Structure formats: C-alpha cells, structure tokens
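A.B. asks: My numbering applies: residue 897 is where the sequence shown begins, and numbers increase by one.
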Amino acid sequence: MHFMVHAKFRMQDQAEILPRLPQEQARIKELKEQGVVEALYIGSDLSQVWIAMQGETQDAVQKGLESLPLHPYMEVEMTLLSIM
C-alpha cells in the first residue's frame, strides 16, 4: 500500500523542532533504507512536508510515521494512493 502523508508543523513549536532535526534526518534515512519512505518533499517555508510512504498495511505505515522524532509536532493527513 502506498500513501502520501502531508504534515504541517505549528510554527509556535519551532524552538522544540529545530534541535530534533538531526534525529529526524537520521530516522528518515533509516526508513528510506527499509523501503518505508520513498520520497520526502519539504515546503520552501519549512512549515510542511509531503512524505511518500509504503507498507503492507496502513497501520504499518502509521507506525513508521509515529517513529519520527518530529511526529508529536505534526498535524497529519494520510492519503491512500493508487499506482497507475
């Protein structure tokens, strides 16, 4: 199953987010190596991201998403994709 995750960050959380960026980058790299994250796109103002993810189930993808250090600061929308 393939999903597009759209996550927005609350700008008032920026002081907590910035110190966690190295851990976030490391975890994204691990998830890419595992094939869970296919691509990551970051908005130019850094307030939102789009993550193409895949997994056996939506729950598996959700668990991968929840493993991200910045997950507590995200407002998330997850959309199931059709591959054509």
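No residue lacks a Cβ here, since even glycine has one placed at the ideal position from N, Cα and C.
Note that the coordinates shown come from a computational prediction; the quantities given were computed from them, not determined experimentally.
1. In whole angstroms, what separates the C-alpha of Tyr969 from that of Met980?
2. Please check the pair Gly960 and Met949, which I expect to be a contact at CB under 8 Å, by giving their CB distance rounded to whole angstroms.
3. Run through the region 915-942 for me and flag every whole alpha helix (DSSP H) of 4 or more residues, listed as ranges in chain order.
4. Does Ala922 pass the burial test, meaning 16 or more other C-beta atoms within 10 Å, or should it be called exposed?
5. Would DSSP call Glu952 helix, strand or coil?
C.D. replies: Taking the structure as given:
1. Within the sequence shown, residue 969 is the residue found at index 73, counting from 1. Within the sequence shown, residue 980 is the residue found at index 84, counting from 1. Straight-line Cα distance between these residues: approximately 33 Å.
2. Here residue 960 refers to the residue found at position 64 when the sequence shown is read from its first residue. Here residue 949 refers to the residue found at position 53 when the sequence shown is read from its first residue. Their Cβ separation, rounded to whole angstroms, is 6 Å, which keeps Gly960 and Met949 in contact under 8 Å.
3. 917-929
4. Reading the sequence shown from its first residue, position 26 is the one you call residue 922. By the 10 Å Cβ count, Ala922 comes out exposed.
5. Your numbering for residue 952 matches position 56 in the sequence shown. Collapsing the DSSP output to three states places Glu952 in coil.
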